[in-house]
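Novice:
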Amino acid sequence: MEIEEKEYVMGLEKGLAIIEAFGQRKGPMTLTQAAEITGHTKASVRRCLLTLCKLGYAAQVGRQFQLAPRTLRLGHAYVSSDPLTKIAQPILEMTSERTKESASVAVLDSQDAVFVARSTHRRSLSSGLGVGARLPAYCSATGRVLLSALPKTDVEFLLNRMSRPAFTPRTLTNIRDILREIQVVHTQGYAISDEELEIGLRSIAVPIRNAAGEMIAALSLSVSTSRMTRASIVEKLLPELETARRNFATLL
1 MEIEEKEYVM GLEKGLAIIE AFGQRKGPMT LTQAAEITGH TKASVRRCLL
51 TLCKLGYAAQ VGRQFQLAPR TLRLGHAYVS SDPLTKIAQP ILEMTSERTK
101 ESASVAVLDS QDAVFVARST HRRSLSSGLG VGARLPAYCS ATGRVLLSAL
151 PKTDVEFLLN RMSRPAFTPR TLTNIRDILR EIQVVHTQGY AISDEELEIG
201 LRSIAVPIRN AAGEMIAALS LSVSTSRMTR ASIVEKLLPE LETARRNFAT
251 LL
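Read in the UniProt record's numbering, the sequence shown has 48 at position 48, and its numbers run on one by one without any break.
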């Protein structure tokens with residue numbers, strides 16, 4: 001979205017950048033660390049951090065700062081106001097119960113697929129993932145489905161900006177290979193990530209579309225490689241995803 005410079009609030013940008021920096025750091029930060037991560041001056045970062053503390057969104061412990069529970073209100077505001085998440089949860093729970101696997105709905109946020117709803121089965125390998133968890137779009141099944149909705153030039157632009165590390169020996173990192181997998185989504189209607197994010201884990205995803213036919217999210221199931229082969233997840237889990245997708249279609 002483009003806006004006029006006079007309408008842009010730089011102070012708000014800095015404050016949000018600092019909140020996001022805690023997620024990158026995955027723990028408390030010093031003033032210096034926050035400035036390094038955000039690229040802002042220590043003076044401006046200090047003012048933002050002290051303001052966040054004053055408002056109850058952060059707390060200072062010695063020389064370090066940490067987020068306070070009040071920041072959960074921001075995530076809850078999204079979840080409680082987004083119609084998709086309200087629709088998704090009961091469908092995911094039903095799908096997870098039927099398949100005995102973990103089911104998720106994700107949307108694209110910059111370079112990542114972000115879970116906005118999830119139902120985790122107790123035997124899942126990836127039980128640590130919950131709402132708000134982010135997966136790199138280039139090597140996740142949900143991410144590739146979401147990228148398939150973009151023009152090829154936009155996908156190439158995003159891929160060139162991504163660092164694309166190899167999480168396992170099976171991770172595709174070459175742009176040409178990734179583009180080929182995204183093209184497969186167009187022809188077969190689903191994406192598979194086969195031990196690319198985590199050894200022992202396979203995922204399959206399909207698009208969720210609104211009444212206008214526009215892709216708004218991706219729906220996925222994840223399974224241990226010890227329980228299902230690549231062929232069997234297509235045979236057994238893809239029909240379950242199609243059933244769930246039809247349930248979404250009646251409600252969107």
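A virtual CB, placed ideally from N, CA and C, is assigned to each residue, including glycine. Only a predicted model underlies this, so the values are computations on that prediction, with no experimental measurement involved.
Report yes if the CB atom of L238 is closer than 7 Å to the CB atom of V105, and no otherwise.
Specialist: Indexing the sequence shown from 1 puts residue 238 at position 238. Indexing the sequence shown from 1 puts residue 105 at position 105. For L238 and V105, no; Cβs fall outside 7 Å.
Novice: Look at Y57 and R70 and say whether their C-beta atoms are less than 7 Å apart.
Specialist: Here residue 57 corresponds to residue number 57 of the sequence shown, with the count starting at 1. Here residue 70 corresponds to residue number 70 of the sequence shown, with the count starting at 1. It is a contact, given that the beta carbons lie within the stated cut-off.
Novice: Is the distance from the Cβ of K26 to the Cβ of A35 below 7 Å?
Specialist: Here residue 26 is taken as the residue at index 26 of the sequence shown, counted from 1. Here residue 35 is taken as the residue at index 35 of the sequence shown, counted from 1. No, the pair does not count as a contact, with Cβ atoms beyond the cut-off.
Novice: Can you have a look at A113 and say buried or exposed, based on whether 16 or more other CB atoms are within 10 angstroms of its CB?
Specialist: Locating residue 113 in the sequence shown gives position 113, counting from the first residue. Buried, because 16 or more other Cβ atoms sit within 10 Å of the Cβ of A113.
Novice: Within a Cβ cutoff of 6 Å, which residues of the same chain sit near R209, ignoring the five residues on either side of it in sequence?
Specialist: As a first step, residue 209 is located in the sequence shown; it is residue number 209 there, counting from the start. Correct list, in chain order: M215.
Novice: Helix, strand or coil: which one does DSSP assign to R63?
Specialist: Stepping through the sequence shown from its first residue, residue 63 is reached at position 63. In this structure, R63 counts as coil in the three-state DSSP scheme.
Novice: For M215, which three-state DSSP category applies?
Specialist: On the sequence shown, residue 215 is found 215 positions in, with the first residue counted as 1. Here M215 sits in strand by DSSP.
Novice: What are the boundary residues of the beta strand (DSSP E) that F115 is part of?
Specialist: Sequence index remark: in the sequence shown, residue 115 carries index 115 (1-based). Where F115 is concerned, the enclosing beta strand (DSSP E) stretches over D112 to S119.
Novice: Return the residue from the list I87, S226 and R202 that minimises the CA-CA distance to R170.
Specialist: Stepping through the sequence shown from its first residue, residue 170 is reached at position 170. If we check each option's Cα against that of R170, R202 comes out closest.
Novice: Going by DSSP in three states, residue 258 sits in which element: helix, strand or coil?
Specialist: What is shown of the chain runs 1 to 252, which leaves residue 258 out entirely.
Novice: Which same chain residues end up closer than 7 Å to I178 when comparing Cβ atoms and leaving out the 5 residues on each side of it in sequence?
Specialist: The sequence position of residue 178 within the sequence shown is 178, counting from 1. The residues are Y138, L159 and L172.
Novice: Do A141 and S119 have their C-beta atoms within less than 7 Å of each other?
Specialist: What you label residue 141 is simply residue 141 of the sequence shown in a count that begins at 1. What you label residue 119 is simply residue 119 of the sequence shown in a count that begins at 1. The answer is no: Cβ separation not under 7 Å.
Novice: So if DSSP puts M29 in a beta bridge, which residue, or which two residues, is it bridged to?
Specialist: Mapped onto the sequence shown, residue 29 falls at position 29. According to DSSP, M29 bridges with F65.
Novice: Would you tell me roughly how many angstroms separate the C-alpha atoms of G15 and F65, rounded to the nearest one?
Specialist: Counted from its first residue, the sequence shown places residue 15 at position 15. Counted from its first residue, the sequence shown places residue 65 at position 65. The straight-line gap from Cα to Cα measures roughly 14 Å.
Novice: Determine the extent of the alpha helix (DSSP H) in which S81 is found, giving its start and end residues.
Specialist: Here residue 81 refers to the residue found at position 81 of the sequence shown. Where S81 is concerned, the enclosing alpha helix (DSSP H) stretches over L72 to S81.
Novice: Could you tell me the boundaries of the alpha helix (DSSP H) in which R164 lies?
Specialist: On the sequence shown, residue 164 is found 164 positions in, with the first residue counted as 1. It is not in any alpha helix (DSSP H) - R164 carries neither H nor E in the DSSP assignment.
Novice: Just verifying my parser: in three-state terms, what is the DSSP assignment at V131?
Specialist: Counting from one through the sequence shown, the residue named residue 131 turns up at place 131. Coil.
Novice: At the level of alpha carbons, what is the spacing between G62 and V184?
Specialist: Here the question's residue 62 lines up with position 62 in the sequence shown. Here the question's residue 184 lines up with position 184 in the sequence shown. C-alpha separation (whole angstroms): 53 Å.
Novice: Would the beta-carbon of R144 fall within 7 Å of that of E181?
Specialist: Here residue 144 refers to the residue found at position 144 of the sequence shown. Here residue 181 refers to the residue found at position 181 of the sequence shown. Yes.
Novice: Under 8 Å by Cβ, that's how I've got K100 and H121 pegged, so tell me the actual separation to the nearest angstrom.
Specialist: Within the sequence shown, the letter at position 100 stands for residue 100. Within the sequence shown, the letter at position 121 stands for residue 121. Indeed they touch by this definition, with Cβ atoms about 6 Å apart.
Novice: Output the boundary residues of the beta strand (DSSP E) element that contains A103.
Specialist: For the purposes of this step, residue 103 is identified with residue 103 of the sequence shown, where counting begins at 1. Per DSSP, A103 belongs to the beta strand (DSSP E) from S102 to D109.
Novice: Identify every residue that forms a DSSP beta bridge with A191.
Specialist: Looking up residue 191 in the sequence shown gives position 191. DSSP lists A205 as partners of A191.
Novice: Rank G39, I37 and L31 by C-alpha distance to the C-alpha of R47 and give the top, closest one.
Specialist: Along the sequence shown, one-based indexing puts residue 47 at 47. Nearest to R47 by C-alpha distance, out of G39, I37 and L31, is L31.
Novice: Could you say which of V131, S222, M162 and V45 lies nearest to A191 if we only look at CA atoms?
Specialist: Counted from its first residue, the sequence shown places residue 191 at position 191. Closest by alpha carbon: S222.
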